[in-house]
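2 protein chains.
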Amino acid sequence: MDETGARTGAQGGAQQAGAGAGRSRGTVTQRAIERIKAMIGQGLLEPGQRLPTERDLAAELGISRSSMREAIRALTVMGVLEARHGSGIYVTRLEAGDLLETFGVVADLSRGPRLVELLEVRRVLESTAAALAAARITPDRLAEVERHLTAMNATDDPEEILAHDLAFHREIAAAAGNDTMAAILEGLSSRTFRARVRRGCQEEGAFARTRREHAAIHRALAARDPDAARAAAAAHVAEVEEWLRGQAGG
Amino acid sequence: MDETGARTGAQGGAQQAGAGAGRSRGTVTQRAIERIKAMIGQGLLEPGQRLPTERDLAAELGISRSSMREAIRALTVMGVLEARHGSGIYVTRLEAGDLLETFGVVADLSRGPRLVELLEVRRVLESTAAALAAARITPDRLAEVERHLTAMNATDDPEEILAHDLAFHREIAAAAGNDTMAAILEGLSSRTFRARVRRGCQEEGAFARTRREHAAIHRALAARDPDAARAAAAAHVAEVEEWLRGQAGG
DNA sequence: GCGCCACAGTGGTCGGACCACCTCCGTGGT
DNA sequence: ACCACGGAGGTGGTCCGACCACTGTGGCGC
């Protein structure tokens, strides 16, 4: 639409002129990200709502589709947007689970001393969640916890054990009634993370102990005893923590 | 290198054929993200190390530069990679602060009941951090805490108060000796988040109370009393939590 | 009335071009 | 011999235009 040569000064020239306090900082993509994020923050974009097309969005912000796509991709991995092929781009429900999905990569990529820190955080949150769950858990959810506990003890398949182990803790976290906390714990217990820890831990015959600890947590929940549940959960995580501390140099 | 017409079946044809268990799931960009993440996870890419150029990377994975750029952008916002214009792409130090930077958007985008959940998490972590800090804090760091405390009380400028408030809590979190926990708290106390809460809270004359609570936390730290520090920090956050609970429908 | 298919719209991918920026090294001076 | 300057090459950042794969919906035929 405009002369091709004008593109040279597009970023520095045309944009900066219009604003005294305008922030032309960073890349255009970065600005697009902030812009969309702001739209959602201001309530202009409701959860679940569909956005204009990439092409329209790009035109609206005066950037190319490539840059806009990068911005959308960024917001997608953040769990803010969701792109459905052939349909459109939508705002997620913006619930804790959506936004904290990336949290798992932290656990996956952390190493050495960081793992201990991660477990320390998990110990604090997991024990709190257990205490809350002890006070609030419903009978049928408690039954579900019990189901995973027995299923975990009934099989030898490490894969299946891990799955039930995860479900066991997930159910407790959900019962605590704080979705945000549950989502963080979910990330802290990401599959590859647990698998990595368990691989070594399990070999040292520490398996029976894990079974006992899980049973203790379940007992506390059944007895609706928050303090006992907190202590049991803390001890459970602390065990792994202690093992890891000795393992990876602490 | 290959016939242009072959592009048609590139995604569905060539890839899926070669693998029984191979995961050709999702978009090429998604695969590229997983691939690079895996490289880092396996230690092939060390923190701080420089990656090949976008062009080489794209060629290596057999995708276009556009797609590779989207993958890089995604990993950039996750805090895993860092792109320096004109220089290259580097792996971050992969420290807690880098990886948990996105955590702030959760606080910024959360609304209603979620904010209470967020504060509940913060209360748990903040009180734990305070307790740890009480046991570990060094004299000069304690002096720094004190400095922010007095500076916060010495001015009327809301902007400056907020800055010192943030620094006050940040210093305590850092003194706890758990960078991961500190990084999470940093996100939970993101600037826009605090500003949003304070705006309303401050008006109701709850300012003097905040001052007292901060003083109580500082006293507990100076006395090296973990229990008192934990209680004071929990009470401090609980105040805001309570106010918010009544505000946004609880 | 029901099911099927063609069509238009959308995100996904690609290749190439150019710009802004950084890095490094060679040149020139002192 | 040393340092300051400057250009060349390489890198990420941006843009464009095209095409593919998928989805949704409408109309057509049965």
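Chains as they are written, first to last, in my numbering: chain C, 1 to 250; chain R, 1001 to 1250. We put the CB at the ideal spot given by N, CA and C, even for glycine.
Given a cut-off of 7 Å, decide if residue 1118/R and residue 1107/R are closer than it, judged by their beta-carbon atoms.
Cβ distance < 7 Å, so residue 1107/R and residue 1118/R count as in contact.
List the whole-angstrom C-beta distance separating residue 75/C from residue 33/C, where the pair is believed to meet the contact cut-off of C-beta under 8 Å.
The C-beta distance from residue 75/C to residue 33/C rounds to 6 Å, short enough to meet the 8 Å contact threshold.
Secondary structure at residue 1145/R, three-state DSSP: helix, strand or coil?
DSSP, reduced to helix, strand and coil, places residue 1145/R within a helical segment of the structure shown.
Does the beta carbon of residue 106/C sit closer than 7 Å to a beta carbon anywhere in chain R?
Yes, because at least one Cβ of chain R sits closer than 7 Å to the Cβ of residue 106/C.
Pull up the distance between the alpha-carbon of residue 22/C and that of residue 114/C, whole angstroms please.
Low per-residue confidence applies at residue 22/C: pLDDT is 43, beneath 50, and the placement is therefore not dependable, though the value from the model is reported in the following sentence. Their backbone Cα atoms lie some 39 Å apart in a straight line.
Between the stretch 61-74 of chain C and chain R, which residues of the former have CB atoms less than 7 Å from a CB of the latter, in chain order?
Listed in chain order, the positions of the stretch 61-74 of chain C with a beta carbon within less than 7 Å of a beta carbon of chain R are 66, 69, 70, 73 and 74.
Can you list the beta strand (DSSP E) stretches of 3 or more residues lying completely in the stretch 1039-1098 of chain R, in chain order?
1081-1084 and 1088-1091, all fully within the stretch 1039-1098 of chain R.
Would you mind working out which of 37/C, 228/C and 192/C sits nearest residue 1037/R, comparing C-alpha positions?
Looking at the Cα atoms, 192/C is the closest of the given residues.
Chain R contacts from the stretch 230-249 of chain C (Cβ-Cβ distance under 7 Å)
Listed by position along the chain: nothing, the set is empty.
Exposed unless 16 or more other CB atoms sit within 10 angstroms - verdict on residue 153/C
By the neighbour-count criterion, in which 16 or more other beta carbons inside 10 Å mark a residue as buried, residue 153/C falls on the exposed side.
Spatial neighbours of residue 136/C within its chain, please: CB distance less than 8 Å, with the 5 preceding and 5 following residues excluded, ordered by chain position.
Result list for residue 136/C: 175, 176 and 177, in chain order.
Which residues, in chain order, does the stretch 169-185 of chain C contribute to contact with chain R at a C-beta distance below 8 Å?
Within the stretch 169-185 of chain C, those residues whose Cβ lies closer than 8 Å to any Cβ of chain R are, in chain order, 178, 179, 180, 181 and 184.
Cα-Cα, which of 53/C, 71/C, 121/C and 147/C is closest to residue 28/C?
Comparing Cα positions, the closest option is 71/C.
Please classify residue 1160/R as buried or exposed, where buried requires at least 16 other C-beta atoms within 10 Å of its C-beta.
With fewer than 16 Cβ atoms within 10 Å of its Cβ, residue 1160/R is classed as exposed.
Using 8 Å as the threshold, is the stretch 46-64 of chain C in touch with the stretch 1049-1063 of chain R, meaning 3 or more CB pairs across them?
Between the stretch 46-64 of chain C and the stretch 1049-1063 of chain R there are fewer than three C-beta pairs closer than 8 Å, too few to call the two in contact.
So, under 8 Å CB-CB, residue 109/C and residue 1041/R are touching, yes? Tell me the CB distance rounded to an integer number of Å.
That belief holds up - the Cβ atoms of residue 109/C and residue 1041/R are roughly 6 Å apart, short of 8 Å.
Can you give the Cα-Cα distance for residue 207/C and residue 116/C, rounded to whole angstroms?
Per the coordinates, the alpha-carbon of residue 207/C lies some 20 Å from the alpha-carbon of residue 116/C.
What first and last residue would you give for the alpha helix (DSSP H) that runs through residue 251/C?
The question about residue 251/C has no answer here: the residues shown for chain C are numbered 1 through 250.
Helix, strand or coil for residue 29/C per DSSP?
Secondary structure of residue 29/C (DSSP, three-state): helix.
Could you round the C-beta distance between residue 1234/R and residue 1213/R to whole angstroms and report it? I think they count as a contact, below 8 Å.
Rounded to the nearest angstrom, the Cβ distance from residue 1234/R to residue 1213/R is 10 Å, too far for a contact under 8 Å.
Closest by C-alpha distance to residue 1181/R, when choosing among 1221/R, 1226/R, 1196/R and 1128/R:
Ranked by how close their Cα comes to the Cα of residue 1181/R, the residues 1221/R, 1226/R, 1196/R and 1128/R have 1128/R in first place.
Just the Cα atoms here: how many angstroms apart are residue 1130/R and residue 1237/R?
Residue 1130/R and residue 1237/R: Cα-Cα distance of roughly 12 Å.
Using a Cβ-Cβ cutoff of less than 6 Å, which residues in the same chain neighbour residue 183/C once the five nearest sequence positions on both sides are dropped?
Excluding sequence neighbours, residue 183/C sits near 96, 97 and 100.
Leaving out the 5 sequence neighbours to the left and right, which residues in its chain are closer than 7 Å to residue 1133/R when beta-carbon positions are compared?
Excluding residues within five positions, the ones whose Cβ falls inside 7 Å are 1172, 1175, 1176, 1221 and 1229.
Is residue 1081/R buried or exposed, if buried means 16 or more other CB atoms sit within 10 Å of its CB?
Under a 10 Å Cβ-count criterion, residue 1081/R is classified as buried, with 16 or more other Cβ atoms of the shown protein chains found around its own Cβ.
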